[in-house]
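Numbered per the working numbering, the sequence shown spans residues 342 to 877. Note that the Cβ used here is the ideal one computed from N, Cα and C, for glycine as well. These numbers come from a predicted model, not from an experiment. Only one structure is covered here, and it is reproduced in the block below.
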Amino acid sequence: MGLLSVLPVLIFTGFIASYCDASKPNIVFILADDLGWNDVSFHGSDQILTPNIDSLAYSGVAFGRYYSHAICTPSRAALLTGKYSYKTGMQGNPLGMSEDRSIPTNVRLLPQYFKDVGYSTHLVGKWHAGSSRREYLPTSRGFDTYIGHRGGYIDYYEYTVTEVWEDGPVSGLALFRNLTAAWDVEGYITDVYTEEAVKVIDDHDSSNPLFLMVTHNAPHAGGDTVVLQAPPEVVRELRYIESPDRRMYAAMVKKLDDSVGDIVKALQDKGILENTIIVFAADNGGMTTGLFANYASNYPLRGIKMSPYEGGVRVVGLLWSANLNNTNHYWDGYMHVTDWLPTLLSAAGVEPPTDIDGVDQWESINSNSASQRKTMVEIDDYTGYASITYGDYKMITGEPIQSHSEYLGGDLRGLIGSPPSYIDTIADSKVFGALHSIGRTFDMDFLSLRNKTIINCDASATSICYPSNDTVCLFNIIEDPCETTDLSSTYPELVTTMQALLDIEMSKRIPRIAPASIDRMSAPSLHNYTWDTWIN
342 MGLLSVLPVL IFTGFIASYC DASKPNIVFI LADDLGWNDV SFHGSDQILT
392 PNIDSLAYSG VAFGRYYSHA ICTPSRAALL TGKYSYKTGM QGNPLGMSED
442 RSIPTNVRLL PQYFKDVGYS THLVGKWHAG SSRREYLPTS RGFDTYIGHR
492 GGYIDYYEYT VTEVWEDGPV SGLALFRNLT AAWDVEGYIT DVYTEEAVKV
542 IDDHDSSNPL FLMVTHNAPH AGGDTVVLQA PPEVVRELRY IESPDRRMYA
592 AMVKKLDDSV GDIVKALQDK GILENTIIVF AADNGGMTTG LFANYASNYP
642 LRGIKMSPYE GGVRVVGLLW SANLNNTNHY WDGYMHVTDW LPTLLSAAGV
692 EPPTDIDGVD QWESINSNSA SQRKTMVEID DYTGYASITY GDYKMITGEP
742 IQSHSEYLGG DLRGLIGSPP SYIDTIADSK VFGALHSIGR TFDMDFLSLR
792 NKTIINCDAS ATSICYPSND TVCLFNIIED PCETTDLSST YPELVTTMQA
842 LLDIEMSKRI PRIAPASIDR MSAPSLHNYT WDTWIN
């Protein structure tokens, strides 16, 4: 079915102004892992087509300036707490399987707030916020049910994680259902998580509102030895992608996009789609090179995951609801990962807490008005860098890893022949079909929206600023999103002001505890060859 053939019978219905007070909205939050800026087609990519994700963007609100922390554990801690990760000691290098650390248990998490007001709360997928003790696990932190991997990644077929200790590698099963190792599960992990999410929706008692987080492993690498994993038949469908590695990565993203389609269709089949808020976002930028490289691309943004440059922290984000006023379907205000907690609580009619860094952006997104956020801070005292965004400007200090701070991914864009028709792919997607069934599809204007999200800048600069312990880099990220031109000598007073603001934030941090020597009591061989809790 082609989009052009169905357009005459589609009616764009607009959006109603607010939710009915008698019914709190369901909330489904889908989080991708290490997805690059240039890895969704609504950002302009003709190489990796993501029609289900795109359909949510074109009929909801696509974010032009959504920011997260640069690494997975910090970004998830910020999402769950509404606080910058350095306020909870969760900044810097991500949690290892044998590390005894978590989000402090005296800090309330997003599912706990929703549970307090009658929501059923469920987590499917990656946790990565503490797993050494039972009190650190999802079902002790506000989720009614959980199935997923507790650490940073998982083998897509075997569900194992391998760590290299001094005397050699240790490996164990990393997939759990609530508190029990999930030995019975079979299949490709993206499909497994999709099926579990659909089951949560199917079994949900609609007399209560639903809060469901689906935190995929995709498209994160499966490990440092088996990096890229996707069903062979899906890889073969993408033979128009020149790079074999990029082709495998694209297949992983396609399975992620298929998952979004299946989840939205499940909501429509359940009859609750029109009263559901859907968020799709990435946890940080893509990992183009280095350890756990997955051949993602943040091009033309500078930098990758684990760097404070735009490619590491400016990421894919969107919000969909049938009940929004923003018919522009695009919002370019600053949005930070810490903002989700107060924003989603506000959307549900719940008063957000005041002791957080997150800002309630619900009204700004809903009405397409100015962002309530003017400042964003990134502190990684483990690697040794920090950045602060203040209005149009961003300052980077310390010593970011230089190999993570360059322009990468441009060479991965090659095509052999032509990809499938973008318009037909959209029309054939499950999300487009679900929207059609409830009368909330979109017309050809979505191509102009796509153009708004494309970043055009020169990513070929060879003389670019790298900060050191003695110098800083200052960029106007509104006019220079690719961070090519250092302005620190042009605006010294602005540097002084921003450094003072950053110093205040540095004084509030809880230092990142360096990973201690490996606790051998965590060895999977002591726990039926699983990465289970080991401290009581």
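Beta strand (DSSP E) segment containing residue i, residue limits
i    : result
F484 : Taken as a continuous stretch (DSSP letters only), F484 belongs to no beta strand (DSSP E), as it is neither H nor E.
F816 : C814 to N817
M736 : Y734 to G739
V555 : L551 to T556
R577 : Where R577 is concerned, there is no enclosing beta strand (DSSP E), although the alpha helix (DSSP H) it sits in stretches over P573 to E578.
L478 : L478 -> no beta strand (DSSP E), and no H or E assigned at all.
Coarse secondary structure for residue i, derived from DSSP in three states
i    : result
D546 : coil
P510 : strand
S461 : strand
T794 : helix
I876 : coil
L502 : Per the sequence shown, residue 502 should be read as Val rather than Leu. Reduced to three states, the DSSP call for V502 is strand.
G653 : helix
A607 : helix
T521 : strand
I530 : helix
Y748 : coil
F455 : helix
T825 : coil
M862 : helix
A592 : helix
F621 : strand
G564 : coil
G489 : strand
L756 : strand
T871 : strand
L450 : coil
G602 : helix
L788 : helix
L516 : strand
Whether residue i touches residue j by CB criterion (8 Å)
i    : j    : result
G483 : L450 : yes
W378 : V656 : yes
A688 : I767 : no
T414 : H469 : yes
S472 : I876 : no
G401 : L659 : yes
M647 : H777 : no
L464 : M589 : no
A418 : I444 : yes
S512 : P865 : yes
Q743 : Y640 : no
K606 : A571 : no
T422 : V448 : yes
V691 : Y399 : no
N669 : I706 : no
P550 : N393 : no
V539 : F370 : no
Contact belief for residue i with residue j at Cβ below 8 Å, rounded distance in angstroms
i    : j    : result
I729 : L843 : 5 Å
S439 : S863 : 4 Å
V654 : E719 : 6 Å
T531 : A559 : 5 Å
Y879 : T738 : Absent from the structure is residue 879, since the part of the chain shown begins at 342 and ends at 877.
S396 : V772 : 4 Å
W672 : F404 : 6 Å
A802 : P649 : With a Cβ gap of about 18 Å, A802 and P649 do not count as contacting.
I757 : R587 : That belief does not hold up - the Cβ atoms of I757 and R587 are roughly 11 Å apart, past 8 Å.
A800 : C814 : 16 Å between Cβ atoms; not a contact.
A939 : M628 : Residue 939 lies beyond the stretch modelled for the chain, which goes from 342 to 877, so this question has no answer here.
N817 : L828 : 6 Å
R518 : I495 : Their Cβ separation, rounded to whole angstroms, is 14 Å, which puts R518 and I495 out of contact at 8 Å.
Y500 : V458 : Not quite, the Cβ-Cβ distance comes to about 34 Å (not below 8 Å), so this is no contact.
Endpoints, the alpha helix (DSSP H) within which residue i is located
i    : result
L614 : Segment: none, L614 is in no alpha helix (DSSP H) and carries neither H nor E.
F773 : K771 to S778
G318 : Residue 318 falls outside the range modelled here, since the chain spans only 342 to 877, and no answer is possible.
L843 : P833 to M847
T766 : Y763 to A768
* Along the chain, which unbroken stretches of the alpha helix (DSSP H) at least 4 residues long are found entirely within the region 667-731? -> 681-688 and 703-708
* **Runs of beta strand (DSSP E) lying entirely within the region 370-443, each at least 3 residues, in chain order** => 402-408
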